[in-house]
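J.: Residue numbers (my numbering): 24 to 556.
Virtual Cβ for every residue (Gly too), placed ideally from N, Cα, C.
Keep in mind the model is a prediction, meaning the values are calculated, not measured.
The structure's right below; bear with me while I get my questions together.
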């Protein structure tokens, strides 16, 4: 066993820099392949006692004793049993011997404030969100700046020399911040995370004595323990690369709440080995997240978007949700990737989060091999969902598409046209009924300009993105004002609805308003309705 470990270490330290591929071939037989995929360049692991009295791994040179002599280190069996896992089964408090990292309250952040500063690519932003999710669950709170932080973590990049130089300069700035810490304050801890930590761990420890924690891209689960070790006054390092770590069970949490976009990571590492690129050596072998994990994160982000639409008065309460067909068989032929049931479930979910949301959709009549029963299922979907706006067309075969090469455009043109007309009729019936329910209500309308049919009328859009027509007259400046003002493009107007069709609404303008004023008025009306007044 010791011979195997020495062999693996020799491969890792080889100047040809082919560690991952070489070791991966060695780890293919039996229990050896269950080393949790973790490797560390140029060292094996031994157990020592830290100042906090618990066992931890620290780097050690391979034992130089006789073949089979394990006195200078662990046997392979011990290494397998005690290695930190990828988070799937490494829970504390099991019947087995406690793993060599701290558990439970011992690794709690205890309310210590952590500040992240992120450099480099979008993957580093995702790493920051993963690390913050882990620390947040372990009792850390977010600091808004370096000055108020107890822990400063720099998520670093090694893709170019300039990126690394930026970190060296930043560390010099943090040195003065650390030295100014008073004895009454919690000692400031500084950590280097990410690619630079993996590539330059020895240089960081030797050159920058102020760095307390070094964690590579695959070691973020270990951050609570590393920070606990650092609190005890020791340097804490974990730059183990992994063959399987994807953080699939860690839901990223945005560090910056002002961020207007989000990215979903579907894989880590890289196998391409481009001649100029350091990434395979700092992030390890390519591995993908499970699809279920990706779907879960997408659902979470989608729900956040829906919640924002519901909460913000400046976002139109309308969603375009293309269906194309109400038949699961046709949807499969279209390669849409969902079923009728899944579509209806999504509609229900959206309406649960955004009551009164306006839905629009696309439909194709007479797709390849569509039967009469398929057509009737689309009609029933139109009646069940009830769309406010619809875009309906007869299918026309297009060259270069999958259906052109693999399917038959078997529905006659006269049948396509008849089915399209039936779909349009049903859509208009449901849309007209939906719009008629708004008669007598006051709608917030964003003025777009003059109506196409009459210069005496203006046209705008309601909060549900439905066209509203109203007279071009002067109206009060607000609900309580007697002063009149003309209506201009871009104004918000409160309009009382008097007429509805399947395509639009008509009404009488009441007054000028604002998004905030309208939201308050609507809220007041809802409270009055709920109290029975």
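Looking only at its own chain, which residues have a Cβ that is under 6 Å from the Cβ of residue 245, when we skip the five neighbours before and after it?
T.: Within the chain shown, residue 245 is the residue found at index 222, counting from 1. Taken in chain order, the residues that qualify are 261.
J.: Is residue 454 near the ligand HEM, going by C-beta to nearest heavy atom under 7 Å?
T.: Only the bare structure without any ligand can be found here, which leaves the ligand HEM out of the picture.
J.: Are the region 384-392 and the region 429-446 touching by the rule of at least three beta carbon pairs closer than 8 Å?
T.: Yes, they touch.
J.: Quick test of your reading: residue 149 and residue 288, contact by CB under 8 Å. State the CB separation rounded to the nearest angstrom.
T.: The residue labelled residue 149 in the question sits at position 126 within the chain shown. The residue labelled residue 288 in the question sits at position 265 within the chain shown. Contact flag correct, Cβ pair sits at about 5 Å.
J.: Using three-state DSSP, classify residue 261 as helix, strand or coil.
T.: Taking the chain shown and counting its residues from 1, one reaches residue 261 at position 238. Residue state, collapsed to three classes: strand.
J.: DSSP on residue 5, reduced to helix/strand/coil?
T.: Residue 5 falls outside the range modelled here, since the chain spans only 24 to 556, and no answer is possible.
J.: Under the three-state reduction of DSSP, which class applies to residue 310: helix, strand or coil?
T.: Taking the chain shown and counting its residues from 1, one reaches residue 310 at position 287. Residue 310 falls in the strand class under three-state DSSP.
J.: Using the C-alpha atoms, what's the distance from residue 512 back to residue 497?
T.: Here residue 497 refers to the residue found at position 474 of the chain shown. Here residue 512 refers to the residue found at position 489 of the chain shown. Residue 497 and residue 512: Cα-Cα distance of roughly 13 Å.
J.: Considering only C-alpha positions, which residue in the set 309, 186, 416 and 180 is nearest to residue 266?
T.: As a position in the chain shown, residue 266 is number 243, starting the count at 1. Nearest option by C-alpha distance: 309.
J.: Figure out for me which residue from 217, 211 and 398 has the closest Cα to the Cα of residue 143.
T.: Here residue 143 is taken as the residue at index 120 of the chain shown, counted from 1. Answer by Cα proximity: 217.
J.: Put residue 297 into one of helix, strand or coil per three-state DSSP.
T.: As a working note, residue 297 is residue 274 in the chain shown. In the structure shown, residue 297 sits in coil (DSSP, three-state: anything other than H, G, I, E or B).
J.: One question on the structure: do residue 446 and residue 392 come within less than 8 Å of each other, judged by their Cβ atoms?
T.: Position 423 of the chain shown, counting from 1, holds the residue named residue 446. Position 369 of the chain shown, counting from 1, holds the residue named residue 392. No, the Cβ-Cβ distance between residue 446 and residue 392 is not below 8 Å.
J.: Assuming contact is defined by CB atoms lying nearer than 8 Å, are residue 404 and residue 363 in contact in what I supplied?
T.: Reading the chain shown from its first residue, position 381 is the one you call residue 404. Reading the chain shown from its first residue, position 340 is the one you call residue 363. Yes, the pair counts as a contact, with Cβ atoms nearer than the cut-off.
J.: Are the beta-carbon atoms belonging to residue 277 and residue 349 less than 8 Å from one another?
T.: Reading the chain shown from its first residue, position 254 is the one you call residue 277. Reading the chain shown from its first residue, position 326 is the one you call residue 349. Their beta carbons are not under 8 Å apart, which means residue 277 does not touch residue 349 by this criterion.
J.: Helix, strand or coil, according to DSSP, for residue 271 in the structure here?
T.: For this step, residue 271 is matched to residue 248 along the chain shown. If DSSP states are grouped into helix, strand and coil, residue 271 belongs with coil.
J.: Assign residue 536 to one of three DSSP states: helix, strand, or coil.
T.: For the purposes of this step, residue 536 is taken as the residue at position 513 of the chain shown. Correct three-state label for residue 536: strand.
J.: Start and end of the beta strand (DSSP E) containing residue 484?
T.: In the chain shown, counting from the first residue as 1, residue 484 sits at position 461. Unbroken beta strand (DSSP E) run through residue 484: 480-485.
J.: If you count every other CB in all the chains shown that lies within 10 Å of the CB of residue 88, and 16 or more means buried, which is it?
T.: Along the chain shown, read from residue 1 onward, the residue named residue 88 stands at position 65. Residue placement at residue 88 cannot be trusted, given a pLDDT of 42 that sits under 50; the coordinates are not used to answer.
J.: Hey, out of 135, 420, 136 and 408, whose CA is closest to residue 381's CA?
T.: Position 358 of the chain shown holds residue 381. The shortest Cα separation from residue 381 among 135, 420, 136 and 408 belongs to 408.
J.: If you draw a straight line from the C-alpha of residue 448 to the C-alpha of residue 321, how long is it?
T.: By 1-based counting over the chain shown, the position of residue 448 is 425. By 1-based counting over the chain shown, the position of residue 321 is 298. Those two C-alpha atoms are separated by around 36 Å.
J.: Along the chain, where does the alpha helix (DSSP H) that runs through residue 366 open and close?
T.: As a first step, residue 366 must be located in the chain shown, where it is residue number 343. Its alpha helix (DSSP H) spans residues 363-376.
J.: Quick one, which of 340, 156, 145 and 375 has its alpha-carbon nearest residue 284's?
T.: Taking the first residue of the chain shown as 1, we reach residue 284 at position 261. Among 340, 156, 145 and 375, the Cα nearest to that of residue 284 is on 145.
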